[in-house]
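Everything below concerns the one structure shown next.
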Amino acid sequence: MAAFTLTVNGQSHRVEASPEMPLLWVLRDRLGLTGTKFGCGQGLCGACTVHLGDAPVRSCKTRLGDVGSRHITTIEGLDPHGAHPLQKAWVELDVAQCGYCQTGQIMTAAALLAKNPHPSDADIDHALGRNACRCGTYLRIREAVHAAAGQRREVIP
Amino acid sequence: MSTTRRDFIKTVGSLSLAFYLPLDAKHAPAAAPPAVGSFEPNGMLRIDGDGSVTVWATRAEIGQGVRTSMAMAIAEELEADWSKVKVLQASTDPKFGDLGVTGGSQTTRSTTQALRKVGAQAREMLLQAAADSWGVPKAECLARSGRIQHPPSHRDLGFGDLVAKAAALTPPADPPLKATKDFRILGKNIPRLDGPDIVTGRAQFATDIHLPGMLVASIERCPVFGGKVKSFDASTALKVPGVKQVLQVPSGVAVFAEDTWSAFQGRQALKVQWEEGPAAQVDSASIRRQFEARLKSAGKVVRKEGDPAQALPAAAKRIKATYDAPFLAHATMEPMVAVADVKADRCKVWAPTQAPGMALPSVQAITGLKAEQIEIQVTLAGGGFGRRAMSDFIADAVACSKAAGAPVKVQWTRPDDFQHDGYRPATLHELEAGLDGQSRPLAWLHRFVGGSIAASNHFPWPPEAAELSGASDLAYDIPNLQVEWGQSDTPVPLWFWRAVPASFNPFVTECFWDELAHAAGKDPLDFRLDHLPKAPRQLGRDTFDPARYRAVLELAAAKSEWRTRKLPKGWGRGIAAHAYLDCGTYVAQVAEVEAEADGPIHVRHVVCAVDCGMVLNPRNVKAQMESGIAFGLSAALYGEIAIKAGRVTATSFLDQPMLLMPNMPKIEVHIVPSDLPPGGVGEPGLPPLAPAVGNAVFAATGKRLRSLPLLPKPLRRA
Ligand code: FES
Ligand code: FES
């Protein structure tokens, strides 16, 4: 057990836990931020993606002890009103099916757009290529990233 | 002949009704009078004084969009203002009626009419209430977008203003339904109601539930099917910070902790000795040998026309082939999870279940409580695909809460989820077919063997009940045809997996039909179109309509420019179709692949044509077709659950890869316009995918793949 001070979505939290505890479980079970999902705990699905500083990380494979002073952003903090261009595009294009993987997809996409505001299909495939969606929403995810980047609008009949 | 999941959905266990809506207000429970200032004509619908409309979905949302589509059907007839409609999830509280089983792509087919009636009833009551308050004939009033209008006097009132009056009226038994042409909500691209909650992380899944005083449990189960706990040593586990207790429960040894990670850590420190039992002798190779032996003797004849055994020797040309399909895991994105709070006199469960009614008897058995003391609240589910109609994960939570005397969430890990599933049955098939002198199909003999889902779960049906679709309902017209199924059970537990036997049988029959087309020297599309029955025919208990089958084939062929567009070198295209008779939907697909013999397979493009009757939400139909194709492609390329020493070898997405974005093909979905009753769409997009890809690989490489998954082992990386 050790005490850590974490900055999550701009707010400071004191957490007493083992430095080995994955950030995923700190967020979900200690801080009640359940928008970050547990899909595998093995670093293989991306459902648990959050931002550490500007970088997308798999929180299930990020030790609490390794977070340091870097700011953490979760889906709850992406935009205070759920009005990030990605969130708007996601709703407009009805990307989600069961929805379980989607917060991880959005956080991964948000980190991509922050670095590369106009990604190509290949850029999107590269950035989101290891985020699994068992419902098969990949085509709409790609479309929504483009839409949020303001490049393409899906014509909805 | 085909006792199917429709029966399952209607009759399993103690469930006796497919769909029951408390349409008669007299049956609404007296204990729950409508809240003052609201109008609750039915357990599924409430209109409040502020005009907001709440619908309780009585089917589970597993990503197929039912919460939205069920609300759409009610709102359409109600003439609701869609922006004021919200949806909540029903529980086993009797006021909601029987929640049935969400599966078999049956929700749309079995509930739409009844839901429309719920909406229409309420609309008629609101019309009456308005007419009464204005002293005008009801016939002069109309309902529009959340208001009742009286055009002759230019008066109107919002639904909210009428709730008190409407609540005092008796619901009409037979309210008129709207004509399809007047629909304002059904048939439109309505985004799902859960969208905003999902993208902000507010959508609450069972795994997100936290109750005061709740413990999280993780259960160590015997890795060998059917194995038992011999003994265990919890001393180290109990020293893990956060771990509260360790107890034996029916499915294994449970570690209870303050939080999820501590429970997982405790489990790693646990030492359990297992009584592995006889299944430890079983592996994939021994199952294969068992199937091969079973294939040598006759199976149960499940369809027979003419006599292929007699006809085959007279054939001008004969072909023979062996096909197989492996066990598969569901691998929903959200691993199994449920929360239970068992008290002396009541029990509440929160679970992402597709079949709350089926879980109820096991909850009763564990708690000793009566059905009316138990409430199962259905939550959002991170995928279902059939898996969440099993009750095991609910029983876990209930047993753990009872054992610990506290509310408990039982959280499965990803390895638990892979290793303790109910699997899609593995099967082995032998086929022989003959052509006559004019290269027309003369005889077809299909014998296949595998375990029985019915037997594996002790369902009181014929053992072949859930194994035949896609085989015994072969669409084509062949004078001599025989289909046999041989039961060959193994210790591997079986369960319904998206599309059930139509996840493997159409791969076998549509690929072998392709082989026959090539043997006949015919184009595979023509060979399909040329040998359809001339008129609708009875297949099992359903009617097969060759015109609908033909229409989807022709549409897929036309849109993919089957006859005209040349593909690049190294590419091939394949076609396949399947009539999902159980839910009234026909689908054909053309796949275009780039492939090398024994090498990589890249599926570049899939053109999908679907006839699902009347379309309730075109965008959702498209999404479900894409979803079925992605799920089917994942299985076709990588899907295989291997067994070693009685246990599943896969513990991660590395061992059992899933389709990822870079391998998602471009997909076009074309919908056949139709006024027929709406059919299901959750499953029918899947069956044609694997055979279309298999046929395309043959076209590209000249190599016929008859074993699923299609990729050679070293290349199975997502
Ligand atoms: S839960 Fe972290 S990658 Fe799957
Ligand atoms: S939307 Fe269900 S897993 Fe992605």
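Those sequence lines, one after another, are chains A and B.
-5 is the number of the first residue of the first sequence in this note's numbering; add one for each residue after it.
63 is the number of the first residue of the second sequence in this note's numbering; add one for each residue after it.
Every residue gets a Cβ at the ideal spot worked out from N, C-alpha and C, and that includes glycine.
A quick note: this is a predicted structure, and the numbers were derived from the prediction, not measured.
Expected contact under 8 Å - CB spacing of residue i and residue j to nearest Å
i	j	result
Phe26(B)	Gly113(B)	Given that chain B is displayed from residue 63 to residue 780, the structure contains no residue 26(B) and the question cannot be resolved.
Leu80(A)	Ala142(A)	4 Å
Ala650(B)	Ile637(B)	7 Å
Trp547(B)	Phe574(B)	Not really, about 16 Å apart at Cβ, beyond 8 Å.
Ile124(B)	Gly646(B)	Contact doesn't hold; Cβ gap of about 20 Å is too wide.
Ile381(B)	Leu629(B)	Between Leu629(B) and Ile381(B) the Cβ distance is about 26 Å, and since that is not below 8 Å, they are no contact.
Val136(B)	Leu161(B)	Reading off the sequence, residue 136(B) comes out as Ile, not Val. Their Cβ separation, rounded to whole angstroms, is 16 Å, which puts Ile136(B) and Leu161(B) out of contact at 8 Å.
Nearest residue (CA-CA) to residue i, options the options
i	options	result
Leu767(B)	Ala383(B), Gly275(B) and Val734(B)	Ala383(B)
Pro234(B)	Gly444(B), Pro285(B) and Glu186(B)	Glu186(B)
Leu594(B)	Gly445(B), Phe606(B), Asp585(B) and Arg246(B)	Phe606(B)
Leu678(B)	Glu577(B), Glu658(B), Thr242(B) and His491(B)	Thr242(B)
Met420(B)	Glu437(B), Arg408(B), Lys405(B) and Ala182(B)	Glu437(B)
Thr571(B)	Gly512(B), Asp498(B), His640(B) and Ala582(B)	His640(B)
Arg153(A)	Gly741(B), Pro719(B) and Leu738(B)	This structure gives no information on residue 153(A), because the portion of chain A shown stretches from -5 to 151.
Ala316(B)	Asp454(B), Lys290(B), Cys462(B) and Lys301(B)	Cys462(B)
Val731(B)	Ala619(B), Asp604(B) and Ala417(B)	Ala619(B)
Asn757(B)	Gly744(B), Leu772(B), Pro746(B) and Leu748(B)	Leu772(B)
Leu422(B)	Gly314(B), Ala457(B) and Glu337(B)	Ala457(B)
Glu654(B)	Asp110(B), Gly197(B), Val759(B) and Val308(B)	Val759(B)
Ala527(B)	Leu629(B), Gln549(B) and Arg129(B)	Gln549(B)
Trp196(B)	Thr169(B), Lys227(B) and Gln416(B)	Lys227(B)
Ser359(B)	His491(B), Arg450(B) and Val399(B)	His491(B)
Ala279(B)	Pro370(B), Glu337(B) and Gly314(B)	Gly314(B)
Lys432(B)	Lys410(B), Gln416(B) and Leu107(B)	Lys410(B)
Phe589(B)	Lys292(B), Leu615(B), Asp295(B) and Phe566(B)	Leu615(B)
Ile252(B)	Cys92(A), Asp88(A) and Val139(A)	Asp88(A)
CB contact flag (residue i, residue j, <7 Å)
i	j	result
Gly634(B)	Ala533(B)	no
Leu224(B)	Ala191(B)	yes
Val710(B)	Pro553(B)	no
Lys366(B)	Gln544(B)	yes
Thr164(B)	Arg121(B)	yes
Val743(B)	Cys670(B)	no
Pro53(B)	Pro563(B)	Here chain B has residues from 63 to 780 only, and residue 53(B) is not among them.
Where the beta strand (DSSP E) through residue i begins and ends
i	result
Tyr611(B)	Segment Pro608 to Lys621 is the alpha helix (DSSP H) holding Tyr611(B); no beta strand (DSSP E) there.
Ala205(B)	Leu204 to Arg206
Ala543(B)	Rather than Ala, the amino acid found at residue 543(B) in this sequence is Leu. Taken as a continuous stretch (DSSP letters only), the beta strand (DSSP E) holding Leu543(B) covers Asn542 to Gln549.
Cys573(B)	Taken as a continuous stretch (DSSP letters only), Cys573(B) belongs to no beta strand (DSSP E), being part of the alpha helix (DSSP H) at Asn567 to Ala581.
Thr43(A)	Thr43 to Leu46
Phe245(B)	Here Phe245(B) belongs to no beta strand (DSSP E), and DSSP marks it neither H nor E.
Ser6(A)	Gln5 to Ala11
Arg380(B)	Lys379 to Ala387
Pro503(B)	Pro503 to Gly512
Trp323(B)	Where Trp323(B) is concerned, there is no enclosing beta strand (DSSP E), although the alpha helix (DSSP H) it sits in stretches over Thr322 to Gln330.
Cys670(B)	Ile663 to Asp673
Ser100(B)	Ser100 to Asn104
Phe693(B)	Counting along the chain, Phe693(B) falls outside any beta strand (DSSP E), though it belongs to the alpha helix (DSSP H) covering Pro680 to Tyr700.
Host alpha helix (DSSP H) of residue i (start-end)
i	result
His75(A)	Where His75(A) is concerned, there is no enclosing alpha helix (DSSP H), given that its DSSP letter is neither H nor E.
Ile100(A)	Gln96 to Lys109
Phe221(B)	Phe221 to Ala229
Arg124(A)	Careful: Arg124(A) lies outside any alpha helix (DSSP H) and carries neither H nor E.
His640(B)	Not the alpha helix (DSSP H): His640(B) falls in the beta strand (DSSP E), residues Trp633 to Tyr642.
Cys462(B)	Asp454 to Ala466
Residue i beta carbon near ligand 1 (any heavy atom closer than 6 Å)
i	result
Arg178(B)	no
Gly35(A)	yes
Asn32(A)	Looking at the sequence provided, one finds Phe at residue 32(A) rather than Asn. Flag set: Cβ of Phe32(A) near ligand 1.
Gly40(A)	yes
Arg128(A)	no
Cys54(A)	yes
Cβ-heavy atom distance, residue i to ligand 2, below 6 Å
i	result
Gln91(A)	yes
Gly125(B)	yes
Thr131(A)	yes
Arg476(B)	no
Arg560(B)	no
Gly445(B)	yes
Cys573(B)	no
Met398(B)	no
Cys284(B)	no
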